[in-house]
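Just below is one structure, and these are the notes that go with it.
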Amino acid sequence: MSLSQAAIEVTVVGGYLGAGKTTLMNHILTESKDPVAVLINDFGDINIDSELIQSVDGNSIALTNGCICCSLVDGYVSALEELRCREPRPKRIIVEASGVADPASVAAYGHAPGFYLNAVVVMVDGANVMEQLNDSLVAQTVAVQIATADLIALNKKDLLSDFTTVRNELKKLNAEALITDCTNSEIDLDLLFGSEVVTKAAVSVEMNQFDSRSHTSSDPISRQALTEWIERLPDEVQRAKGVLRLDEEPEIPMVFQLVGRRWNLRALAERKNPPLGNQIVVVGPKGLVPEDWDVGLR
Amino acid sequence: MNGEPIKLFVAKKIVTMDPATPTATAIAVQGDRIVGIGDSEDPELRKAAQIDDRFSQHILLPGFVEAHAHVMSGGLWEFPYVGFYERVDPTGRIWKGCGDIESVVERLVEYEEQMGDPTQTLIAWGLDPIFLEGDRLSASHLDQVSRTRPIFVFHASGHLATVNSEMMLKSGIDRHSPTPGVVRDGDGEPNGELQEPAAMSLALEGLSSIGKAIMSTEAKWNFGYEARNCGVTTVADLGTTRLALEGQLEAWREVTDEKNYPVRVVVAFGHYDSGASPTDIDALAGLAVRLRNEEETAKLRFGIVKLILDGSIQGFTARLSPPHYFDPPAGHQGNGLWLIPPEQMPKIVASYHKAGLTVHCHCNGDEASEVFIEAVEKALAEHPRDDHRHTVQHSQLTTAKQYKKMASLGMNANIFSNHIFYWGDQHAEITVGPHRAASMDACATAERENVKFSIHSDAPITPMSQLHTIWCAVNRQTASGKILGPGERIGIHKALEASTIDAAHQLRLDDEIGSLQVGKLADFTVLEADPYEVKPDKLKEIPVWGTVVGGVVHQAASD
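Order-wise, the sequence lines are chains A and B. Our numbering numbers the first residue of the first sequence as 1 and each following residue consecutively. Our numbering numbers the first residue of the second sequence as 299 and each following residue consecutively.
Shown next, in the form of structure tokens:
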């Protein structure tokens, strides 16, 4: 879904060198149902099928499926500004953080007027993460990245001998994030982006492995009701996102994001054509999201 | 050169840095080269030469080489300075330091009154809250300067800015702004301080004006004037210029080709700012080699590659070995940040090394020095190469053991001696503690371990002034007057070598500059007192008359 007609959704992909960030970028470019723009550090790494390339123009490559791939050589501000001014404007941008960056510092750009932040996903190299966390040179860098994540993708699952140990270690560093596992960076995009559709009625939308349900209403919600609703949300709900109005300041549209048990609520910086009322979507494994998930919001 | 007239500069004393002829009183110049050197009464020298005795009461030295500065230093002078320490601008005007917020506001009011267009943005630079007691600068202070024009005050750290209410209004910054780094007061209202690039970029007009100023032609001229004013005849722009950007190479060429441009510039090639893909390092190296082989002119030089491996000590982002930081701010993660993954360093260094380039790597912390030294060791094992001169830049916490290793590998160091004065007190009390601070910027250790080293300002981080940097290395006196690690002080001759021939060496220019010898370029620093004669603590007060670059005389601007 698009939370706001006026603003572009930004997702940040972090993780240490070799964790599979670029492979995820490739995966998104080929699997996304909607045209997206990806911002990457380096064209040299990305492996786009030449038949998919429509045109190359300086710092950007346009693909035949409508996606755009842009280089970050001129920095985040200039790359984001270029996409904001582009026609047609992409609805969704995925930004790659460098292998040593704290993804939070990159995510901060996702709150500028014209944008809103979806989530920070951090790729973890399943085969090497335990070694990295014990290496005094890189332990802090890797640990901070994991702690920053909303969604942790434990990659290279096939090369992982002791899945539980690694998972527990990740939990220790970040108890609230949603941890998903994958090989070849093949994350379920429904989980990464949340559902694509908000319908007028609260109905279930068919997805691959997940169900998505949506809620729309018009009256502002109290902060307390929202918090209580989140606290009571069944564990099966792995992802929720939406835009809503709080009764304390109903004129400000608030962006709500929940990944695992990490959630936040921030004002939408873009003030033109703000979305009205409340629209919230939840995503959970097929058949496991209860019908009455939005009772607390009604 | 043949056929051109010979000019004989007569001086009170000429210090050559050539051990065979350590001093002289006359130097003959034909075109841009030195053709004779010796006694001013020597008839051989006087024969067929025009005598120029304007320096008869002056001291000539080989032109100072500042091997680590940034052209940004020239660009910032487009805007008023509001820093704590006094600075001299390219025109020679002395800008007194602003010791408190009142004087910052006063300076801006004064400047604002001369601005024509009442809607034009006022930009200022150099603010460093670490030195100012009391409240931090906020929008309410800047609103006293103007409520109608946007104001953007860029801090010295480069990580923060403070803006006024009009700038916030124009940039859509309000109590609902979701961007982290928008600092708020007790009532949740933004107070004008913007921390880190994402928040600063909300006030895009201010930030991009600074970006433009840094890249401008005026910046390049002002950088040259700053160098001239402090006696520098060769300066390295160590990784500011984005050479791959259209027009930047041409702009440097145009400026440095001017006869009046008073300094030779070594423009280093920035690994991450090249416009090409950083994974294809061999292609980047090829680009850097092409610049060196095909684009060099008398006053524009290449061949140095700049890498940045860690952050800064005062920003708590340098990579230190245990026990890390002494008294870090609450919430600090313990150690600093890598800007390049340490595992990638061997591959990166090897690519440039194989291509025959010289790698200068920013390493403020000793853990960063270690990673770079190991990368050089690996590159040398795989591709043995004589005389590479790879250089640890800043080298602030490099240990004796590391210097020993550097000597065995043929590496150089460029030591950030100015830190001792500008942040030495903070290093002893807060960042690394008194014990480690005493052995920071360890010139005497480098000397003992036989590492060739230079000393630098990193302008605009500290003001460019080679005599001040020399004074720091010789005295190791902090701003509060303490002596930090007296055992690491070096003698005046070593400090002068570090500022001339050894700095030229690490820029691979010692065959042309750095000492005064027949056949070398006629680049001199002209001083009004002899650095060997003045008391060590007065070194920074020696007046600089100006310079000679390639035989062309450039007088320093004065207030």
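Ideal placement from N, C-alpha and C gives every residue a C-beta, glycine not left out.
Item to check | Same chain, Cβ closer than 6 Å to B/Thr-615, neighbours up to 5 away in sequence not counted | outcome: Residue numbering aside, residue 615 of chain B sits at position 317 when the second sequence is read from its first letter. Taken in chain order, the residues that qualify are Gly-609, Gly-634, Leu-635.
Next on the checklist: Any beta carbon from chain A within less than 7 Å of B/His-474's own beta carbon?
Outcome noted: Position 176 of the second sequence, counted from the first residue, corresponds to residue 474 of chain B. Closer than 7 Å: yes.
Checklist entry - Could you check where the beta strand (DSSP E) with B/Gln-804 kicks off and where it finishes? => result Counted from its first residue, the second sequence places residue 804 of chain B at position 506. Here B/Gln-804 belongs to no beta strand (DSSP E); instead the alpha helix (DSSP H) covers 799 to 804.
Next on the checklist: Cutting at 8 Å between CB atoms, please list the residues of its own chain near A/Gly-99, excluding the five before and the five after it.
Outcome noted: If you number the first sequence from 1, residue 99 of chain A lands on position 99. Taken in chain order, the residues that qualify are Gly-15, Tyr-16, Leu-17, Gly-18, Ala-19, Lys-21.
Item to check | Among A/Leu-159, A/Asp-158, A/Val-121, A/Phe-163, the one whose alpha carbon lies nearest that of A/Ile-146 | outcome: Working through the first sequence from its first residue, we reach residue 146 of chain A at position 146. Comparing Cα positions, the closest option is A/Val-121.
Checklist entry - Using the beta-carbon of each residue, which ones in chain B are nearer than 7 Å to A/Gly-99? => result Counted from its first residue, the first sequence places residue 99 of chain A at position 99. Per Cβ cutoff of 7 Å: Pro-639.
Next on the checklist: Could you compute how far the alpha carbon of A/Ser-217 sits from the alpha carbon of B/Val-402?
Outcome noted: The sequence position of residue 217 of chain A within the first sequence is 217, counting from 1. The sequence position of residue 402 of chain B within the second sequence is 104, counting from 1. Going by the C-alpha atoms only, they are around 52 Å apart.
Checklist entry - alpha helix (DSSP H) containing B/Cys-770: first to last residue? => result Counting from one through the second sequence, the residue named residue 770 of chain B turns up at place 472. Counting along the chain, the alpha helix (DSSP H) containing B/Cys-770 begins and ends at 764 to 773.
Checklist entry - What are the start and end residues of each continuous alpha helix (DSSP H) run of 4 or more residues lying completely inside the stretch 44 to 90 of chain A, in chain order? => result 76 to 84
Checklist entry - Would B/Lys-305 be called buried (16 or more neighbouring beta carbons within 10 Å of its own) or exposed? => result By 1-based counting over the second sequence, the position of residue 305 of chain B is 7. Under this definition B/Lys-305 is a buried residue.
Next on the checklist: Classify B/Tyr-830: buried if its beta carbon has 16 or more other beta carbons within 10 angstroms, exposed otherwise.
Outcome noted: Position 532 of the second sequence, counted from the start, is the residue given in the question as residue 830 of chain B. Under this definition B/Tyr-830 is an exposed residue.
Next on the checklist: Beta-carbon within less than 6 Å of B/His-658's beta-carbon, same chain only, minus the 5 sequence neighbours each way: which residues are those?
Outcome noted: Residue 658 of chain B sits at position 360 when you count from the first residue of the second sequence. Excluding residues within five positions, the ones whose Cβ falls inside 6 Å are Ile-602, Lys-604, Thr-689, Gln-691.
Checklist entry - Using a C-beta to C-beta distance shorter than 9 Å, which residues of chain B count as neighbours of A/Ile-252? => result The residue labelled residue 252 of chain A in the question sits at position 252 within the first sequence. Within chain B, the residues near A/Ile-252 are His-474.
Item to check | Interface partners of A/Arg-298 on chain B, CB under 7 Å | outcome: Locating residue 298 of chain A in the first sequence gives position 298, counting from the first residue. The contacting residues do not exist; A/Arg-298 stays about 26 Å from chain B at best.
Item to check | is_contact[B/Gln-631, chain A] using C-beta, thresh 7 Å | outcome: As a working note, residue 631 of chain B is residue 333 in the second sequence. Yes, B/Gln-631 counts as interfacial toward chain A.
Checklist entry - By how many angstroms is the C-alpha of A/Gly-75 removed from the C-alpha of B/Arg-331? => result Residue 331 of chain B sits at position 33 when you count from the first residue of the second sequence. Residue 75 of chain A sits at position 75 when you count from the first residue of the first sequence. B/Arg-331 and A/Gly-75: Cα-Cα distance of roughly 44 Å.
Checklist entry - Between B/Ser-797 and the ligand NAP, is the CB less than 6 Å from at least one heavy atom? => result Ligands are entirely absent from the displayed structure, and the ligand NAP is therefore not among its contents.
Item to check | Neighbour list for B/Glu-544 in chain A, Cβ cutoff strictly below 8 Å | outcome: Translated into positions along the second sequence, residue 544 of chain B becomes position 246. Chain A residues near B/Glu-544: none, gap ~11 Å exceeds 8 Å.
Checklist entry - Should B/Val-847 be labelled buried (16 or more other beta-carbon atoms within 10 Å of its own) or exposed? => result As a working note, residue 847 of chain B is residue 549 in the second sequence. With 16 or more other Cβ atoms within 10 Å, it is buried.
Checklist entry - Considering only residues of the same chain and omitting the five flanking positions on each side of A/Val-73, which have a CB-CB separation below 7 Å? => result Counting from 1 along the first sequence, the entry for residue 73 of chain A is found at position 73. So the qualifying residues of the chain are Asn-59.
Checklist entry - A/His-215 CB to nearest chain B CB: under 7 Å? => result Here residue 215 of chain A corresponds to residue number 215 of the first sequence, with the count starting at 1. It does not: the Cβ of A/His-215 has no partner Cβ on chain B nearer than 7 Å.
Next on the checklist: Could you give the first and the last residue of the continuous alpha helix (DSSP H) run that contains A/Pro-103?
Outcome noted: Stepping through the first sequence from its first residue, residue 103 of chain A is reached at position 103. Its alpha helix (DSSP H) spans residues 103 to 107.
Item to check | Residue burial classification, B/Lys-703 (beta-carbon count within 10 angstroms, cutoff 16) | outcome: Against the second sequence, residue 703 of chain B aligns to sequence position 405. With 16 or more other Cβ atoms within 10 Å, it is buried.
Item to check | Of the residues A/Ile-8, A/Ile-94, A/Glu-82, the one placed nearest A/Ser-32, counting alpha carbons only | outcome: Here residue 32 of chain A refers to the residue found at position 32 of the first sequence. That would be A/Ile-94, whose Cα lies nearest to the Cα of A/Ser-32.
Next on the checklist: Within the continuous alpha helix (DSSP H) that includes B/Phe-521, where are the two ends?
Outcome noted: In the second sequence, counting from the first residue as 1, residue 521 of chain B sits at position 223. That run of the alpha helix (DSSP H) goes 515 to 527.
Checklist entry - Does the beta carbon of A/Val-12 sit closer than 7 Å to a beta carbon anywhere in chain B? => result Indexing the first sequence from 1 puts residue 12 of chain A at position 12. Closer than 7 Å: no.
Checklist entry - Can the beta-carbon of B/Ile-399 be found closer than 7 Å to that of B/His-439? => result Within the second sequence, numbered from 1, the residue matching residue 399 of chain B stands at position 101. Within the second sequence, numbered from 1, the residue matching residue 439 of chain B stands at position 141. For B/Ile-399 and B/His-439, yes; Cβs fall inside 7 Å.
Checklist entry - Can you tell me the Cα-Cα spacing of A/Leu-117 and B/Gly-397, whole angstroms? => result Reading the first sequence from its first residue, position 117 is the one you call residue 117 of chain A. Reading the second sequence from its first residue, position 99 is the one you call residue 397 of chain B. Rounded to the nearest angstrom, the two C-alpha atoms are 41 Å apart.
Next on the checklist: Measuring straight from C-alpha to C-alpha, what distance separates B/Gly-537 and B/Gly-479?
Outcome noted: By one-based count along the second sequence, residue 537 of chain B stands at place 239. By one-based count along the second sequence, residue 479 of chain B stands at place 181. When rounded, the distance between both Cα atoms is 27 Å.
Next on the checklist: I need the DSSP call for A/Leu-160, collapsed to helix, strand or coil.
Outcome noted: The sequence position of residue 160 of chain A within the first sequence is 160, counting from 1. If DSSP states are grouped into helix, strand and coil, A/Leu-160 belongs with coil.
Next on the checklist: Rounded to whole angstroms, what is the Cα-Cα separation between A/Val-197 and A/Leu-170?
Outcome noted: In the first sequence, the residue the question calls residue 197 of chain A occupies position 197. In the first sequence, the residue the question calls residue 170 of chain A occupies position 170. In this prediction, A/Val-197 scores a pLDDT of 47, lower than 50, which makes its location untrustworthy; no coordinate-derived value is stated.
Checklist entry - So which residues of chain A does B/Ala-653 contact, with C-beta pairs closer than 7 Å? => result The residue given as residue 653 of chain B occupies position 355 in the second sequence. Neighbours of B/Ala-653 on chain A: none; closest Cβ ~17 Å, over 7 Å.
Next on the checklist: Pull the bridge partners of B/Pro-488 from the DSSP assignment, please.
Outcome noted: For the purposes of this step, residue 488 of chain B is taken as the residue at position 190 of the second sequence. B/Pro-488 pairs with B/Arg-482.
Checklist entry - In angstroms, rounded to a whole number, what distance separates the CA positions of B/Leu-467 and A/Ile-53? => result Position 169 of the second sequence, counted from the first residue, corresponds to residue 467 of chain B. Position 53 of the first sequence, counted from the first residue, corresponds to residue 53 of chain A. So the two alpha carbons sit approximately 42 Å from each other.
Item to check | B/Lys-557 (DSSP reduced to helix, strand or coil) | outcome: On the second sequence, residue 557 of chain B is found 259 positions in, with the first residue counted as 1. Three-state result, B/Lys-557: coil.
Next on the checklist: Please report the straight-line C-alpha distance between A/Ala-7 and A/Asn-264, rounded to a whole angstrom.
Outcome noted: Position 7 of the first sequence holds residue 7 of chain A. Position 264 of the first sequence holds residue 264 of chain A. Approximately 18 Å, taken between the alpha carbons.
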